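Quick note: the sequence shown uses our numbering, first residue 11, plus one each step.
Ideal Cβ placement from N, Cα and C applies to all residues, glycine included.
From a predicted model like this one, the values you see are computed outputs, not experimental measurements.
Below is one structure, written out as structure tokens; the observations come after it.
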Amino acid sequence: MVSDDEWLIQERGFNPDRQAKYESVFSFGNGYMGSRAVLEELPAGSSQGTYVAGIFDKSEAETVEIVNLPDPVGLRLYADGEPIAIDQMDVTGYDRTLDIRCGTLARRTSYQSKKGGLYEYEYWSLRAFSAADEHIMLMRVYFIAVDSDVDILVENSIDGSTLNIRKEMGTRIAHYSVVEADHADDVGCLVAKLNDSGRSVAYAANLSIGTGSNDNEVVDGVVRTSEFADGKLTESVRFKARKGTLYTFKKIVSIYTSRDVPPGDTRNIRDVAVDALKQSLKTGFDRMLTAHTDARDKMWSMSDIVIDGDPDATKALRFNLHHLMMAGSRSDDQVSIAPKALTSSWYNGHFFWDTELFVLPFFTFTYPAIARNLLMYRYHRLDEARKNARKQNLSGALFPWESAETGEEVTPKTWVNPEGTIIDVHTMEREHHITGDVAYAVYQYYRATADTEFLLDYGAEIILETARFWAGRVTYNNTSGKYDIKDVIGPNEYQECVDNNAYTNYLARWNLRCGIMLYTEILKRYPDKRTILCEKIGLKQLEIDEWRKIADNIEFTVLDNGMIEEFSGYFEKLNVTIEKWNERGMPIFPDAVPLERAHESQLVKQADVVLLLHLFNEDFTHNVKTVNLDYYDHRTTHESSLSPSIYTILCTEAGEVDRAYKYLKHSLYGDLSDNYGNVKHGIHAASLGGVWQAVVFGFAGVRMKSGNGKTSEILAVNPRLPENWTHLQFNLCWQGFKLELDISAGNVGIFFESAGDGVTVPVDIEGVSYEIPGNKRTVITYGD
């Protein structure tokens, strides 16, 4: 089954210069594993990459990094000894199609032999990483020898020679060694062991061959052999292909790691993978593929967004959502999402603040179980965060700037710039806002889901321990009578050592006040839980009183004109502004100051004060938002992919819908059009999440609003649609209900199912409160 064109992304014609781009853009995964979309025959220049969430190793690297595991994709054909390969035959037709809805990657290639005479071949492939069984890869290849009988050799491989490549210097690092590799009873099995951690990964694979429309006709004269050489387990299949006959090869691969063996299961990792493969073979390839597409349909029923009047934007938006859907684990709360998800090892596969602030809101409002898993990843590493704080002679919990398997700080101490210069890295020492970012994400999840169990058992402990960290991180200023937070890096990473970064200070104040509110209000309603938690972490009223004094006096000022200074002394920096924009309407770095001296200027790498205004939307007036948006917009280079989506949101709130749409398009097509110029290194997961926020929080105007006494939280909707958007349709998970929203110019339609009559959900539309009843579609007119 192939979806309609609105769900299809196509690559037409093979261009080696675009190969790495499409390996990233067409990458596939399911939250458990991901793989770059290399061609099956691995032409020159291929960048193989297969990753399993949570599998890290250090070996000779400076720090632990996600491991480039054995590649399961290899399937190479030869006709009369000639490789049927994109770089070794004449290609008369080529395209690949990513079916976003079904979650499949299809390829069609027409070949002509370079030998004498006319020897033409047709080749089709289909690939999927199952959304129904996260351990299974499915691949199907069709082949026709058009005009003559030929001897065919099929090399079906699992490549255990893959390496990690250090991004700075191209150094190749082997993180594993193959300890078992054999082929028996039509099952190839390869087991690799990581060098440092001792973890193992097992692959079990089967290749079937058939002919006919239902590929159920036996191919005569098939000879199978296998060998393990140069790290690669290869099964060779030989037979005589008849002219004009359609041959079908179906490959199923099962992948497991030692992390996946359930407690009490006495099987070794090899047996687990083989047993899973045999079960898949029993089910059958076609039914496994159907189960995958059915699972994808179920996911889309929650996450799809339709923009009537802007079909190109709808398709591009779905592409972003497709990669988000593949990034989060539905079954594992010991892993998170890296900046490149599972599409490359760039950034070492580490986890940053990106996850909590940019990616997590999508899951909170569409797949809250995945959002909970992501937050539980942080909770399980809270003890390491406590240790990290103690290393800086502070109490509470300081989450590391870069985290991996254990939750220890794994930020490299240096990096090498493109010119080969070694640069010291200070983010782990100073970019402490990540601690408040995690706490913020915890509480926003609770607000949206009303998951009180999570808050009481896990979330409250995170918020209280991070509040405790901020209480120790401040310094009392005898001159001002305020508490400063010195020597920090805010989101604007041009500035590597500043005092009183507004974003950091306000986040710290909020974190402290949230901790106070939990202790005095929410936990008070659950006295047994509060007693247990406070005894566990040693929290007493005296400490809460100290938090209140600090929170009320942390340095943070909104000037009389509404401006917020990014940090102390920011306005004294060289006042450089953006003067030129590229063809996409994005800033060109000014000539007035070189990049290496950006810290001497008011240039901003990415949304900083503007991000603050987005996160704490209720706390600031319209005037404060607009004056700061205008000021910082003229100074922000948007060098980070995290930035344009946040400006989209603030522009919609300021009524600057055209400007918002410009920023949206830059993010929307960030990876598809390679707007950032580096998609070959993997997709930009935070930008994907930012796009969802830009549409839902920005143009739809969805916000969480503090309640009015009858309820703790109210969903607010304040639409600001571009002129060409006639309808905006999407779903939200809101406190246990699935809300279906349909927004047009002047109307908001809302529907949700409820277990019985009389159930209502409070919604605020353009400042007017409504009780929306369940089991009927309600349309509210706004903007009169």
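Checklist entry - Mind checking whether S405 and G525 have CB atoms under 7 Å apart? => result No.
Checklist entry - Can at least three beta-carbon pairs, one atom from the stretch 432-442 and one from the stretch 491-500, be found at a separation below 8 Å? => result Judged by pairs of C-beta atoms under 8 Å, the stretch 432-442 touches the stretch 491-500, as three or more such pairs exist.
Item to check | Residue range of the unbroken beta strand (DSSP E) whose run includes T303 | outcome: Premise fails: T303 lies in the alpha helix (DSSP H), 295-313, not in any beta strand (DSSP E).
Checklist entry - Looking at C-beta atoms only, is the number of pairs between the stretch 84-98 and the stretch 181-199 that lie closer than 8 Å three or more? => result No, the stretch 84-98 does not touch the stretch 181-199.
Checklist entry - Is the beta carbon of R645 less than 7 Å from the beta carbon of T587? => result In this structure, T587 lies closer than 7 Å to R645 by Cβ.
Checklist entry - Three-state secondary structure (DSSP) at N569? => result The sequence as given places Leu at residue 569; Asn does not occur at that position. Coil.
Item to check | Cross-strand partners of L204 (DSSP beta bridge) | outcome: Bridge pairing for L204: Y186 [DSSP].
Checklist entry - So is K31 buried or exposed if we call it buried at 16+ other beta carbons inside 10 Å? => result By the C-beta density criterion, K31 is buried, having at least 16 other C-beta atoms within 10 angstroms.
Item to check | S339 versus L698, D195, I154, G44, residue with shortest Cα-Cα distance | outcome: Selected option, being the one with the closest Cα: G44.
Checklist entry - Is the distance from the Cβ of I760 to the Cβ of A710 below 7 Å? => result No, Cβ-Cβ distance for I760 and A710 is not below 7 Å.
Item to check | Per-residue DSSP class, three states only, for R86 | outcome: Note: R86 maps to strand in three-state DSSP.
Checklist entry - Nearest CA to the CA of G417: which residue from W425, Q402, H390? => result The candidate whose alpha carbon is nearest that of G417 is H390.
Checklist entry - What's the call for A54, buried or exposed, on a 16-neighbour Cβ count within 10 Å? => result Exposed.
Item to check | beta strand (DSSP E) runs wholly inside the stretch 208-294, at least 3 long, in chain order | outcome: Those beta strand (DSSP E) runs which fall completely within the stretch 208-294 and span 3+ residues are 210-221, 233-239, 242-251, 256-267.
Item to check | Identity of the residues DSSP links to H737 by a beta bridge | outcome: DSSP, once it has assigned bridges, lists D318, S754 as partnering H737.
Checklist entry - Looking at Y257 and P82, is the spacing between their C-beta atoms short of 7 Å? => result No, the Cβ-Cβ distance between P82 and Y257 is not below 7 Å.
Checklist entry - Which value, in whole angstroms, describes the spacing of the CA atoms of Q505 and L148? => result Q505 and L148 have their C-alpha atoms roughly 47 Å apart.
Item to check | Backbone secondary structure at I547 - three-state DSSP | outcome: Residue state for I547 is assigned as helix, using DSSP reduced to three classes.
Item to check | Close-in-space but distant-in-sequence residues of the same chain around P422 (CB under 7 Å, 5 per side omitted) | outcome: Listed in chain order, the non-local C-beta contacts of P422 below 7 Å within the same chain comprise E72, T73, V435, local neighbours out to five positions each way being set aside.
Next on the checklist: I'd like to confirm something about D767: is its beta-carbon nearer than 6 Å to some heavy atom of the ligand HEM, or not?
Outcome noted: No copy of the ligand HEM appears in this structure; indeed no ligand is present at all.
Item to check | Between the CA atoms of D570 and G777 - distance to the nearest angstrom | outcome: For G777 and D570, the distance between alpha carbons rounds to 26 Å.
Item to check | Spatial neighbours of K672 in its chain, beta-carbon cut-off 8 Å, leaving aside the 5 residues before and after | outcome: Cβ contact annotation for K672 (same chain, cutoff 8 Å, sequence separation greater than five): G595, in chain order.
Checklist entry - Where A395 and V637 are concerned, what is the direct C-alpha to C-alpha distance, given to the nearest angstrom? => result Rounded to the nearest whole angstrom, the C-alpha separation of A395 and V637 is 37 Å.
Next on the checklist: Restricting to Cα atoms, I'd like to know which of L204, N515, D14, E144 is closest to P80.
Outcome noted: Of L204, N515, D14, E144, the residue nearest in Cα terms is L204.
Checklist entry - Would DSSP call E628 helix, strand or coil? => result E628 falls in the helix class under three-state DSSP.
Next on the checklist: Only counting the same chain, and skipping five residues up and downstream in sequence, which positions put a Cβ closer than 6 Å to that of R118?
Outcome noted: So the qualifying residues of the chain are D105, W134.
Item to check | For F66, the nearest candidate out of A381, S346, H193 (CA to CA) | outcome: Answer by Cα proximity: S346.
Checklist entry - Helix, strand or coil: how does DSSP classify I542 here? => result Residue state, collapsed to three classes: helix.
Item to check | DSSP beta-bridge partners of F372 | outcome: DSSP output for F372 lists no bridge partner at all.
Checklist entry - Thinking C-alpha only, which one of A704, A670, Q745, F762 is nearest E733? => result Per the Cα distances, A670.
Next on the checklist: Quick check on DSSP: helix, strand or coil for C199?
Outcome noted: In the three-state reduction of the DSSP assignment, C199 falls in the strand class.
Checklist entry - Would you say M309 and M335 are within 7 Å of each other, going by their C-beta atoms? => result Going by C-beta atoms, M309 is nearer than 7 Å to M335.
Item to check | Cβ pair count under 8 Å reaching 3, the stretch 365-379 against the stretch 736-754 | outcome: Yes, they touch.
Checklist entry - From A617 to L625, what distance separates their C-alpha atoms? => result The alpha-carbon atoms of A617 and L625 are separated by roughly 11 Å.
Checklist entry - Can you pull the DSSP bridge partners for G759? => result Answer is D752, V789, bridged to G759.
Item to check | Where E471 falls, given that 16 or more other Cβ within 10 Å makes a residue buried | outcome: That one is buried.
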